[in-house]
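What follows is a set of notes on a single structure, which appears directly below.
There are 2 protein chains.
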Amino acid sequence: MFKKFKIPDATIGRLTAYSRFLKEAEEKGISTVSSQNIAEATGVTPAQVRKDLAYFGEFGTRGVGYNPKELYNYIMKILGLDKKWNVAIFGAGNLGTALSQYRGFLERGFEIVCMFDTDPEKVGKKLNAIDIFHLDELKEKAKELNIELAIVAVPAQAAQEVVNMIVEAGIRGIINFAPVNIFVPDNIVLRRVDLASQLEYLTYYLGENR
Amino acid sequence: MFKKFKIPDATIGRLTAYSRFLKEAEEKGISTVSSQNIAEATGVTPAQVRKDLAYFGEFGTRGVGYNPKELYNYIMKILGLDKKWNVAIFGAGNLGTALSQYRGFLERGFEIVCMFDTDPEKVGKKLNAIDIFHLDELKEKAKELNIELAIVAVPAQAAQEVVNMIVEAGIRGIINFAPVNIFVPDNIVLRRVDLASQLEYLTYYLGENR
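In the order they appear, the protein sequences are chains A and B.
27 is the number that UniProt numbering gives to position 27 of the first sequence; each next residue is one higher, with no gaps.
86 is the number that UniProt numbering gives to position 86 of the second sequence; each next residue is one higher, with no gaps.
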């Protein structure tokens, strides 16, 4: 339906930001928002808002604006968020624990259905009511719990092996937090979250060379 | 010196990826790399590599390629990483703890010099040899330890107040992990890491509407 041509990653990131603003606007009972309103709330230009939306069709009424609820629902559909997603976290260390408690996931329809680890001290226990299973149980649990997305928060040296198991278990979307490059087959969607690179956006702007 | 015009955020992210590859190439003793090599290792096109580098000047020798060490050093300078940066983490909960242990930071020259919290159970203790100070000590410690960057990993409802204190203490670069929009003066560089939005890149590609 969508995705007739390649959409820039940055557009997808901005759609996420637009949708959060639209939800707030709807909750406040606002009936119409302009590109200018969306732009101001999300730190981009109105032209950028219009360009991002134009990838997906025509929205709103010229000279009037958008209905927040309609546009919100449409963007959520574009983002694949018109359904709930079952997510498993791999690694029950500090990062995995932090991610398991992150409230922002459930707000957007991501439900953490279980965690995996290999540490005998952790396997079989619950963390904030979330079961921790042994990695050996992955194939079975992936089917049973219909796991659709994987968050990888294991040490770097274990990451590729864990990802291989995730792919074998039929999970097609993977976020990797381990600071290492991981390889997956073409039919898998992988995204790496490089925490250090986030800091490098700051230093680029703060560096002494400018 | 650089930044004569606006560089896309995505370029900065890719420069980070290029620099990691160049470092690996240098460590392997490779004397020349092509745009094609860089592109393949980082999942972009050779044209994109050339375009990203062209923002900053002319590099390499036509038909030959780039010297990995030279280009690495140059990119690190562009990214402001030709110096070490002192970083403080705000919030010593699970996320703050995970970030304090993240090895990827030190590799890129980011040193976690201390943490801040308000919990009497945590203040005054050390976490992996990193001091946890009370937030009330921020102004004093910011000077004493020359804190240059702040990582905010506090609960959403506390984030704006903590960021206000960070700005008042003279820290100019802030990464916010709390799932909430934060406002700062124009002279401050702020970046929000929205962990849910990372998952939305996956669902965009995996959603049933395509």
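Where is the CB? At the ideal position from N, CA and C, for every residue including glycine.
Next on the checklist: Below 8 Å on the Cβ atoms is my contact criterion, and I expect Phe110(B) with Ala196(A) to pass it. Report the Cβ-Cβ distance as a whole number of Å.
Outcome noted: Indexing the second sequence from 1 puts residue 110(B) at position 110. Indexing the first sequence from 1 puts residue 196(A) at position 196. Sure, about 6 Å apart at Cβ, within 8 Å.
Checklist entry - Which chain A residues are close to Phe105(B), counting only those with a beta carbon under 8 Å from its beta carbon? => result Numbered from its first residue, the second sequence carries residue 105(B) at position 105. Those are Leu195, Ala196 and Leu199, listed as they occur along chain A.
Next on the checklist: Using beta carbons (cut-off 7 Å, strictly below), is Asn86(B) in contact with chain A?
Outcome noted: By one-based count along the second sequence, residue 86(B) stands at place 86. So, not an interface residue.
Checklist entry - Going by Cα to Cα distance, which pick from Phe56(A), Leu71(A), Ala169(A) and Ile174(A) is closest to Leu198(B)? => result By one-based count along the second sequence, residue 198(B) stands at place 198. According to the sequence as given, residue 198(B) is Gln; it is not Leu. Measuring from the Cα of Gln198(B), the nearest candidate turns out to be Ile174(A).
Next on the checklist: At the level of alpha carbons, what is the spacing between Ile151(A) and Pro8(A)?
Outcome noted: In the first sequence, counting from the first residue as 1, residue 151(A) sits at position 151. In the first sequence, counting from the first residue as 1, residue 8(A) sits at position 8. Cα to Cα, Ile151(A) sits roughly 23 Å from Pro8(A).
Checklist entry - Can the beta-carbon of Thr45(B) be found closer than 7 Å to that of Ala17(B)? => result For this step, residue 45(B) is matched to residue 45 along the second sequence. For this step, residue 17(B) is matched to residue 17 along the second sequence. Not in contact: Thr45(B) and Ala17(B) (Cβ atoms no closer than 7 Å).
Checklist entry - Do Thr118(B) and Leu135(B) come within 7 Å of each other at the CB atom, strictly closer than that value? => result In the second sequence, counting from the first residue as 1, residue 135(B) sits at position 135. In the second sequence, counting from the first residue as 1, residue 118(B) sits at position 118. In contact: Leu135(B) and Thr118(B) (Cβ atoms closer than 7 Å).
Item to check | Contact with chain A by Gly207(B), beta-carbon distance below 7 Å | outcome: Numbered from its first residue, the second sequence carries residue 207(B) at position 207. Yes, contact with chain A.
Checklist entry - Which residues of chain B have a Cβ atom closer than 7 Å to the Cβ of Gly13(A), listed in chain order? => result Taking the first sequence and counting its residues from 1, the one referred to as residue 13(A) is at position 13. What Gly13(A) touches in chain B: Ser197.
Next on the checklist: Can you pull out the residues from the segment 23-46 of chain B whose beta carbon lies closer than 7 Å to at least one beta carbon of chain A?
Outcome noted: none
Checklist entry - For chain A, is any of its Cβ atoms less than 7 Å away from the one on Phe116(B)? => result Indexing the second sequence from 1 puts residue 116(B) at position 116. Cβ-Cβ to chain A under 7 Å: no for Phe116(B).
Checklist entry - Between the Cα of Lys23(A) and the Cα atoms of Gly13(A), Asn164(A) and Tyr74(A), which residue gives the shortest distance? => result If you number the first sequence from 1, residue 23(A) lands on position 23. Distances from the CA of Lys23(A) to each of Gly13(A), Asn164(A) and Tyr74(A) were compared; the closest alpha carbon is that of Tyr74(A).
Item to check | Closest Cα partner of Ala142(A) within the set Met115(A), Asn128(A), Ala158(A) and Ala178(A) | outcome: Within the first sequence, numbered from 1, the residue matching residue 142(A) stands at position 142. The shortest C-alpha separation from Ala142(A) is found at Met115(A).
Checklist entry - Can you find a CB in chain B that lies within less than 7 Å of the CB of Gly57(A)? => result Within the first sequence, residue 57(A) is the residue found at index 57, counting from 1. The beta carbon of Gly57(A) does not come within 7 Å of any beta carbon belonging to chain B, so the residue lies off that interface.
Checklist entry - Going by alpha carbons, who is nearest to Ala54(A) out of Gly63(A), Ala92(A), Thr11(A) and Lys77(A)? => result On the first sequence, residue 54(A) is found 54 positions in, with the first residue counted as 1. Nearest option by C-alpha distance: Thr11(A).
Item to check | Spatial neighbours of Pro179(A) in its chain, beta-carbon cut-off 8 Å, leaving aside the 5 residues before and after | outcome: Along the first sequence, one-based indexing puts residue 179(A) at 179. Excluding positions up to five away in sequence, the list reads Ala156, Asp194, Leu195 and Ala196.
Item to check | Spatial distance of Tyr72(A) from Ser31(B) (CA atoms) | outcome: Taking the first sequence and counting its residues from 1, the one referred to as residue 72(A) is at position 72. Taking the second sequence and counting its residues from 1, the one referred to as residue 31(B) is at position 31. If I take the Cα positions, the gap works out to 51 Å.
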